[in-house]
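*Asks:* Quick note: the sequence shown, position 192, residue 192 per the working numbering, numbers continuous.
C-beta: ideal position from N, C-alpha, C; glycine also.
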Amino acid sequence: MSTVFDSGASAGVVHYQEAIEIIRDQAELLRRSQPAKEEVPLLDSLGRVLASPILADRDQPPFPRSTRDGYACIAADLVSRRPLRILGQLRAGETWQGPPVRSGEAIEIMTGAPVPDGADCVVMVEHTLLDGSHIRLAGDRTPHPGENIVLAGAEAKAGAVIVPAGTRLAPPQIAAAAACGYSRISVFQKPRVAVLATGDELVSIQDIPLTHQIRNSNSESLAAQIRLAGADPIVLPPARDHLGSIADSIRSVEGCGLLLLSGGVSMGKYDLVEQVLDSLGAKFFFTGAKIQPGRPVVFGHLPSLYFFGLPGNPVSTLVTFSLFVSPLLAALSGEAAGGPRFALARVAHEARCTSSVTRFLPAQVNDSIEGASVTIVPWQGSGDLASTASANAFAVLPDVDEALPAGSLISVLLL
Ligand code: AMP
Ligand code: MG
1 MSTVFDSGAS
11 AGVVHYQEAI
21 EIIRDQAELL
31 RRSQPAKEEV
41 PLLDSLGRVL
51 ASPILADRDQ
61 PPFPRSTRDG
71 YACIAADLVS
81 RRPLRILGQL
91 RAGETWQGPP
101 VRSGEAIEIM
111 TGAPVPDGAD
121 CVVMVEHTLL
131 DGSHIRLAGD
141 RTPHPGENIV
151 LAGAEAKAGA
161 VIVPAGTRLA
171 PPQIAAAAAC
181 GYSRISVFQK
191 PRVAVLATGD
201 ELVSIQDIPL
211 THQIRNSNSE
221 SLAAQIRLAG
231 ADPIVLPPAR
241 DHLGSIADSI
251 RSVEGCGLLL
261 LSGGVSMGKY
271 DLVEQVLDSL
281 GAKFFFTGAK
291 IQPGRPVVFG
301 HLPSLYFFGL
311 PGNPVSTLVT
321 FSLFVSPLLA
331 ALSGEAAGGP
341 RFALARVAHE
351 ARCTSSVTRF
361 LPAQVNDSIE
371 GASVTIVPWQ
381 GSGDLASTAS
391 ANAFAVLPDV
401 DEALPAGSLI
411 SVLLL
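1) Going by DSSP, name the residue or residues bridged to Glu-38.
2) Would you say Phe-417 and Ala-56 are within 8 Å of each other, going by their C-beta atoms?
3) State yes or no: is the C-beta of Leu-198 nearer than 7 Å to some heavy atom of the ligand MG?
4) Can you give me the start and stop residues for the beta strand (DSSP E) that Glu-108 sits inside?
5) Kindly indicate the opening and closing residues of the alpha helix (DSSP H) around Leu-130.
6) Is Arg-82 helix, strand or coil by DSSP?
7) If you reduce the DSSP assignment to three classes, tell me which class Pro-171 lands in.
8) Quick one: is Ser-322 buried, meaning 16 or more other Cβ sit within 10 Å of its Cβ, or exposed?
9) Starting from Val-377, trace the beta strand (DSSP E) in both directions and tell me its first and last residue.
10) Jot down the residue ranges of each uninterrupted beta strand (DSSP E) in the region 232-295, minimum 3 residues, whole runs only, in chain order.
11) Taking its Cβ as the centre, do 16 or more other Cβ atoms sit within 10 Å of Tyr-182, making it buried, or is it exposed?
12) Which value, in whole angstroms, describes the spacing of the CA atoms of Ser-308 and Arg-184?
13) Closer than 7 Å: is that where the CB of Gly-381 sits relative to any heavy atom of the ligand MG?
14) Using 7 Å as the cut-off, classify the Cβ of Gly-230 as near or not near the heavy atoms of the ligand MG, replying yes or no.
15) Answer yes if the region 222-241 comes into contact with the region 317-337, meaning at least three C-beta pairs across the two stretches below 8 Å, and no otherwise.
16) Return the CA-CA distance between Ala-170 and Gly-47, expressed in angstroms with no decimal places.
17) Going by beta-carbon coordinates alone, are Leu-90 and Ile-109 separated by less than 8 Å?
18) Take every Cβ of the region 391-401, pair it with every Cβ of the region 357-370, and state whether three or more of those distances are shorter than 8 Å.
19) Can you tell me which residues form a DSSP beta bridge with Pro-64?
20) Going by other Cβ atoms of all chains shown within 10 Å of its Cβ, with 16 needed for buried, is Ser-279 buried or exposed?
21) CB Leu-261 to CB Val-273, shorter than 8 Å?
22) From what residue to what residue does the alpha helix (DSSP H) around Tyr-16 run?
23) Less than 8 Å between C-beta atoms, sequence neighbours within five positions excluded: which residues of the same chain meet that for Val-163?
24) Since Ala-194 sits in a beta bridge, which residues does DSSP pair it with?
25) Quick check: the region 123-140 against the region 70-85, are there 3 or more CB pairs under 8 Å?
26) Pull up the distance between the alpha-carbon of Gly-312 and that of Gly-294, whole angstroms please.
27) Output the boundary residues of the beta strand (DSSP E) element that contains Ala-337.
28) Taking 7 Å as the line, does the beta carbon of Gly-294 fall inside it for any heavy atom of the ligand MG?
29) Applying the criterion that 16 or more other CB atoms from any shown protein chain within 10 Å of the CB defines a buried residue, is Lys-190 buried or exposed?
30) When you compare the region 145-164 with the region 24-37, are there three or more beta-carbon pairs, one atom per stretch, that lie closer than 8 Å?
31) Under a three-way DSSP split, which group does Asn-366 fall into?
32) Going by CA-CA distance only, name the one from Pro-238, Arg-192 and Glu-220 that's closest to Asp-200.
33) Would you mind giving the Cβ-Cβ distance between Gly-365 and Ala-345, rounded to the nearest angstrom? I have them listed as a contact below 8 Å.
34) With DSSP collapsed to three states, give me the class of Ile-226.
35) Helix, strand or coil: which one does DSSP assign to Pro-327?
36) In whole angstroms, give me the CA-to-CA distance for Asp-6 and Val-115.
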């Protein structure tokens, strides 16, 4: 894919909504060119993005299909309550070999069988009374022509697009493709995403850290989020908080459309990532967003790839990936839509908002048939993975100076 960057780059700390719009604009630019395609067996296409539309190979259904076990007959005959003579039986996988159904006749029919010519309805077996070789309508309902029959081509005409290109394939689309005879599927190649953690305190997860050291959990969580987004993570060895170390690592990135850095984007003396990116010719779209956690997030592009500088605090990394990286990655993947998924839920307790920052707090969403409720989990801030591990969503608190009373409807960012 050729790289398409917007020339109108601007830097600075932006409002959450502005950050979303900047990323949406870049995602639209990316969608002007398509990723390369490949063919995979049907089941391997699960979670991939469809590159060529799935077309109906014949009318769906291919014949007028009975949707019930019952009797194929003429609706007006049933209404008259007269007994109808049963001519025979028709199972799914058979076609009626006799003459068309006439007035006063019925054919016992199973779900999925083709409705014989002449019949204009299927009456459910539960709604009939059997008397030897005859049936008649039970109860006081009035059957209508067309009842329990799906006409040939009513679901889709031969040649119609059943699943458009750009769709991420889930079980319903796999089923539709299988029904149309696709044993192999054309999908877009997965984007490769480079992951580079920075920080002198980091040790690998196999190591026993000294008291002042930290295991590099961000490379793992980012790789997991990249995989869930249907892309391939390329995890680089962490860089030290040193200009040369970070620059060498970035220069080593090859064959990736996107680079995710973690750590080193705050205001500390050893937060060097922006400086290094600048020295390598980066253009910045924003260098912070008014969100919490995740304020120091950086988005821009180098001459040949996009990058995000994600804050090192592990919860900030998780949130900023969901909010900002996932929509860009969807576009890089060839997906027509994509990005974070939100839902509405009633907050179970009062929730204090903060003016000027949109907050994303680890939370537990409980679904029930009456609707979803959300409880914010107590936490120690954006380094608190222990609390976040018990969350299944982030509660979204708007940037207002007020407390939302218990029962208020709020957005939740689903994980
Ligand atoms: P930074 O953004 O570099 O200022 O780091 C902020 C906090 O996140 C510090 O407490 C770091 O130790 C922690 N941190 C940075 N990078 C990682 C990482 N890769 N894995 C886990 N924690 C990290
Ligand atoms: Mg650091």
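*Replies:* According to the data block:
1) Taking the first residue of the sequence shown as 1, we reach residue 38 at position 38. Looking at the DSSP output, Glu-38 bridges to Val-187.
2) Only positions 1 to 415 of the chain appear in the structure, and residue 417 is not among them; the question remains open.
3) For the purposes of this step, residue 198 is taken as the residue at position 198 of the sequence shown. Residue identity check: residue 198 is Thr in the sequence provided, not Leu. Yes - the ligand MG has a heavy atom lying nearer than 7 Å to the Cβ of Thr-198.
4) Numbered from its first residue, the sequence shown carries residue 108 at position 108. Per DSSP, Glu-108 belongs to the beta strand (DSSP E) from 105-109.
5) Here residue 130 is taken as the residue at index 130 of the sequence shown, counted from 1. Where Leu-130 is concerned, there is no enclosing alpha helix (DSSP H), although the beta strand (DSSP E) it sits in stretches over 128-131.
6) Start at 1 with the first residue of the sequence shown, and residue 82 comes out as number 82. Looking at Arg-82 - three-state DSSP - the assignment turns out to be coil, as it is neither helix nor strand.
7) Mapped onto the sequence shown, residue 171 falls at position 171. Reduced to three states, the DSSP call for Pro-171 is helix.
8) One-based indexing of the sequence shown puts residue 322 at position 322. With at least 16 other beta carbons inside 10 angstroms of its own, Ser-322 counts as buried.
9) Here residue 377 refers to the residue found at position 377 when the sequence shown is read from its first residue. Run containing Val-377: none; DSSP gives neither H nor E here.
10) Whole beta strand (DSSP E) segments, 3+ residues: 232-235, 258-262 and 283-286.
11) For the purposes of this step, residue 182 is identified with residue 182 of the sequence shown, where counting begins at 1. Buried, since its Cβ has 16 or more Cβ neighbours within 10 Å.
12) Position 308 of the sequence shown, counted from the first residue, corresponds to residue 308. Position 184 of the sequence shown, counted from the first residue, corresponds to residue 184. The amino acid occupying residue 308 in the given sequence is Phe; Ser does not appear at that position. If you take the alpha carbons of Phe-308 and Arg-184, they lie about 35 Å apart.
13) The sequence position of residue 381 within the sequence shown is 381, counting from 1. It does not: the Cβ of Gly-381 is nowhere closer than 7 Å to a heavy atom of the ligand MG.
14) Counting from one through the sequence shown, the residue named residue 230 turns up at place 230. Checking every heavy atom of the ligand MG against the Cβ of Gly-230, none is found closer than 7 Å.
15) The region 317-337, when compared against the region 222-241, does touch it at the 8 Å Cβ threshold.
16) Locating residue 170 in the sequence shown gives position 170, where the first residue counts as 1. Locating residue 47 in the sequence shown gives position 47, where the first residue counts as 1. Near 6 Å, if we compare the C-alpha coordinates of Gly-47 and Ala-170.
17) Residue 90 sits at position 90 when you count from the first residue of the sequence shown. Residue 109 sits at position 109 when you count from the first residue of the sequence shown. Yes; because the gap between Cβ atoms is below 8 Å, this pair is in contact.
18) A contact between stretches requires three or more CB pairs, one per stretch, nearer than 8 Å, and the region 391-401 meets this requirement with the region 357-370.
19) Taking the first residue of the sequence shown as position 1, residue 64 is located at position 64. In the DSSP output, where bridge partners are listed per residue, Pro-64 has none listed.
20) Here residue 279 corresponds to residue number 279 of the sequence shown, with the count starting at 1. Ser-279 is classed as exposed because its beta carbon has fewer than 16 other beta carbons within 10 Å across all chains shown.
21) Mapped onto the sequence shown, residue 261 falls at position 261. Mapped onto the sequence shown, residue 273 falls at position 273. Against a cut-off of 8 Å, the Cβ pair of Val-273 and Leu-261 comes out as a contact.
22) Against the sequence shown, residue 16 aligns to sequence position 16. Here the alpha helix (DSSP H) through Tyr-16 covers 16-30.
23) Your numbering for residue 163 matches position 163 in the sequence shown. Same-chain partners within the cutoff: Leu-50, Pro-53, Ile-54, Leu-169, Gln-173, Ala-176 and Ala-177.
24) Indexing the sequence shown from 1 puts residue 194 at position 194. DSSP lists Ile-234 and Leu-259 as partners of Ala-194.
25) The answer is yes - the region 70-85 touches the region 123-140, with three or more Cβ pairs under 8 Å.
26) As a working mapping, residue 312 is identified with position 312 in the sequence shown. As a working mapping, residue 294 is identified with position 294 in the sequence shown. Cα to Cα, Gly-312 sits roughly 9 Å from Gly-294.
27) Taking the sequence shown and counting its residues from 1, one reaches residue 337 at position 337. No beta strand (DSSP E) holds Ala-337; DSSP gives it neither H nor E.
28) Stepping through the sequence shown from its first residue, residue 294 is reached at position 294. It does not: the Cβ of Gly-294 is nowhere closer than 7 Å to a heavy atom of the ligand MG.
29) Stepping through the sequence shown from its first residue, residue 190 is reached at position 190. Residue environment: Lys-190 is assigned as buried (16 or more neighbouring CB atoms within 10 Å of its CB, all protein chains considered).
30) They do not touch, by the three-pair rule.
31) Here residue 366 refers to the residue found at position 366 of the sequence shown. Correct three-state label for Asn-366: strand.
32) As a working note, residue 200 is residue 200 in the sequence shown. It is Pro-238.
33) By one-based count along the sequence shown, residue 365 stands at place 365. By one-based count along the sequence shown, residue 345 stands at place 345. Looking at the sequence shown, residue 365 is not Gly but Val. A Cβ-Cβ distance of about 5 Å is found for the pair Val-365 and Ala-345, placing them in contact under the 8 Å criterion.
34) The residue you call residue 226 lines up with position 226 of the sequence shown. Taken through DSSP and simplified to helix, strand or coil, Ile-226 comes out as helix.
35) Stepping through the sequence shown from its first residue, residue 327 is reached at position 327. Reduced to three states, the DSSP call for Pro-327 is helix.
36) Looking up residue 6 in the sequence shown gives position 6. Looking up residue 115 in the sequence shown gives position 115. Only weak support is given to the placement of Asp-6: the predicted model assigns it a pLDDT of 49, under 50, and the value that follows is read from those uncertain coordinates. Going by the C-alpha atoms only, they are around 58 Å apart.
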